[in-house]
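J.: Start counting the sequence shown at 376; every next residue gets the next number (the numbering used here).
Heads up, the beta-carbon is just placed ideally off N, CA and C, and yes, glycines get one too.
Computed from a predicted model, the values in this text were never measured in an experiment.
What follows is a structure written as structure tokens; I'll ask about it next.
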Amino acid sequence: MFSKIIQQDKITKVESLIDKADKAVIVTHVSPDGDAIGSSLGLYHYLTDSGIETTVIVPNEFPYFLKWVKGAKDILIYEKYPEFAHKLIDETDLIFCLDFNVLSRIKWVGEAVKNSNAKKVLVDHHPFPDDFCDVTISHPEISSTSELVFRLICRMGDYESISRQGAEAIYMGMMTDTGAFTYNSNSADIYFIITQLLSKGIDKDKIYSNVYHNYTADRYRMMGYMLSEKMKIYDEYGCAVVWLSEDEQKSFHSQKGDTEGFANLPLNIKGITFAAFFREEENMVKISFRSQGSFPTNEFASRCYNGGGHLNASGGEYYGKLEDALSIFENALPDFAQLLIDNKNNLNKK
Ligand code: 5GP
Ligand code: MN
């Protein structure tokens with residue numbers, strides 16, 4: 376058995392909300408990643424199999440290498456069908472908010488969720504959740520929302536009713552939010568849960584391949600170009616930054632998800648413990664931060680770009696020019712010098 380993390384009164388409340396519901400909607404954050412899709416589809420299969428008419432709604436398109444997961448084809452993309460999505464959100468009994476902590480993270484879906492009379496349940500692992508749900512299950516110490524979905528279902532006494540498809544989605548989310556169990560993954564419970572998922576018949580090696588061996592050649596050409604031409608290293612801070620303009624991405628026919636993981640790349644370099652990736656979009660610059668050790672990237676993101684996230688993985692948005700976003704970054708480094716240098720020294724000592 377794994378440790379009981381979610382409070383019993385919350386489990387009981389969710390159980391009773393599910394018992395009363397005929398229809399449910401699951402919403403997750405903008406530019407959904409593996410954990411967003413994995414947790415949503417894991418819960419989707421469970422609810423559907425329990426006889427609840429369930430729809431997963433995402434704000435915008437998600438990466439092609441997540442489309443193989445069973446149920447992915449039925450995900451409703453709000454941007455494409457806003458009226459239908461509104462109708463579902465208005466008419467549903469229950470809304471699950473997965474893998475985000477504040478309504479602004481679901482962008483244009485936020486207003487509809489806020490105004491809906493449905494009961495709302497948050498299941499998430501980002502720090503500092505807003506209080507907009509009837510039940511808030513928030514556990515920043517857990518490495519993925521998918522793991523929390525698994526824990527929730529099991530604690531409701533329904534491990535038996537998790538299908539292989541549901542188990543695949545949950546495993547995929549746990550895997551992607553831990554870099555295939557290479558970070559935030561020292562908890563023994565994770566491996567207990569994996570054995571439970573394996574006994575549902577999942578093929579974990581195939582799931583790895585489906586996600587990580589499915590990229591386009593263009594993605595790798597773009598990655599090579601970026602690492603060669605668009606990387607700046609700040610040795611004294613143990614920091615490196617990479618960036619791509621919109622035109623550069625276009626020249627490599629970049630698709631949604633093609634830059635996934637780029638923010639992590641500089642961390643592979645000896646001595647680098649803080650990495651940032653700046654990706655220019657049509658009307659803003661999307662920024663991703665990653666660190667090893669104790670450097671709080673979320674503090675950096677919130678201070679410089681009004682963003683947020685986890686200690687080791689966070690992000691933000693900058694509404695302005697790419698060059699200006701990069702200058703803000705460079706100018707902020709001296710303010711974080713002590714934290715960066717201490718973190719670098721601590722890690723090297725190990
Ligand atoms: P990614 O770099 O993969 O887009 O995001 C990593 C993490 O940073 C996400 O799990 C999310 O918690 C956080 N994050 C990314 N972008 C934003 C943002 O614009 N605002 C906030 N508050 N958090 C973000
Ligand atoms: Mn997550």
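Which same chain residues, not among the five before or five after F670, have their C-beta less than 7 Å away from its C-beta?
T.: Close CB contacts of F670 within its chain, under the 7 Å cut and outside five residues either way in sequence, are with T648, F649, L714, L715 and N718 (chain order).
J.: Is E674 close to the ligand 5GP? I mean its beta-carbon at under 7 Å from any heavy atom of the ligand.
T.: no
J.: Would you give the residue range spanned by the alpha helix (DSSP H) that R678 belongs to?
T.: Segment T672 to Y680, the alpha helix (DSSP H) holding R678.
J.: Could you check whether the Cβ of D408 sits closer than 7 Å to any heavy atom belonging to the ligand 5GP?
T.: yes
J.: Measuring alpha carbon to alpha carbon, tell me which of K494, D465 and I401 ends up nearest I452.
T.: I401
J.: Within the continuous beta strand (DSSP E) that includes F649, where are the two ends?
T.: F649 to E655
J.: Anyone know if the C-beta pair for I470 and A493 falls short of 8 Å?
T.: yes
J.: From the DSSP output, which residues share a beta bridge with G690?
T.: S663 and G683
J.: What does the alpha-carbon distance come out to for the pair S594 and S629?
T.: Note that residue 594 is Arg in the sequence shown here, rather than Ser. Computed Cα separation, rounded: 7 Å.
J.: Helix, strand or coil for S513 per DSSP?
T.: S513: strand per DSSP, three-state reduction.
J.: Please classify D499: does DSSP put it in a helix, a strand, or coil?
T.: In the structure shown, D499 falls within a strand segment according to DSSP collapsed to helix, strand and coil.
J.: CB-CB under 6 Å to I517, same chain, minus the five flanking residues each way: which ones, in chain order?
T.: H500 and L523
J.: Does the stretch 440-448 touch the stretch 527-546, meaning 3 or more C-beta pairs lie closer than 8 Å?
T.: yes
J.: Let me check understanding here. Comparing Cα to Cα, which of S479, D633 and S626 lies closest to Y587?
T.: D633
J.: Which two residues bound the contiguous beta strand (DSSP E) that contains F471?
T.: L469 to L473
J.: Within a Cβ cutoff of 8 Å, which residues of the same chain sit near K379, ignoring the five residues on either side of it in sequence?
T.: Excluding its 5 nearest sequence neighbours in each direction, K379 has C-beta neighbours in its own chain below 8 Å: R530, listed in chain order.
J.: Between which two residues does the beta strand (DSSP E) holding E623 run?
T.: Note, E623: premise wrong, no beta strand (DSSP E); alpha helix (DSSP H) at E621 to S626.
J.: Suppose you measure from the CA of K489 to the CA of F652; what does that come to, to the nearest Å?
T.: 32 Å
J.: Hey, D468 and D408: beta-carbon distance below 8 Å or not?
T.: No. Outside cutoff.
J.: Could you have a look at C508 and say whether DSSP puts it in helix, strand or coil?
T.: Here C508 sits in coil by DSSP.
J.: I'd like to confirm something about H500: is its beta-carbon nearer than 7 Å to some heavy atom of the ligand MN, or not?
T.: H500: yes, Cβ under 7 Å from the ligand MN.
J.: Could you give the DSSP three-state label for M376: helix, strand or coil?
T.: coil
J.: For a quick check, are the C-beta atoms of S521 and G690 less than 8 Å apart?
T.: The answer is no: Cβ separation not under 8 Å.
J.: What do you reckon, is the C-beta of T403 under 7 Å from a heavy atom of the ligand GDP?
T.: The ligand GDP is not part of the structure shown, which contains the ligand 5GP and the ligand MN as its ligands.
J.: Counting beta carbon pairs with one atom in the stretch 575-584 and one in the stretch 651-667, are three or more of them shorter than 8 Å?
T.: no
J.: With DSSP as the reference, label T430 as helix, strand or coil.
T.: strand
J.: In whole angstroms, what is the alpha-carbon distance linking S702 and A615?
T.: 14 Å
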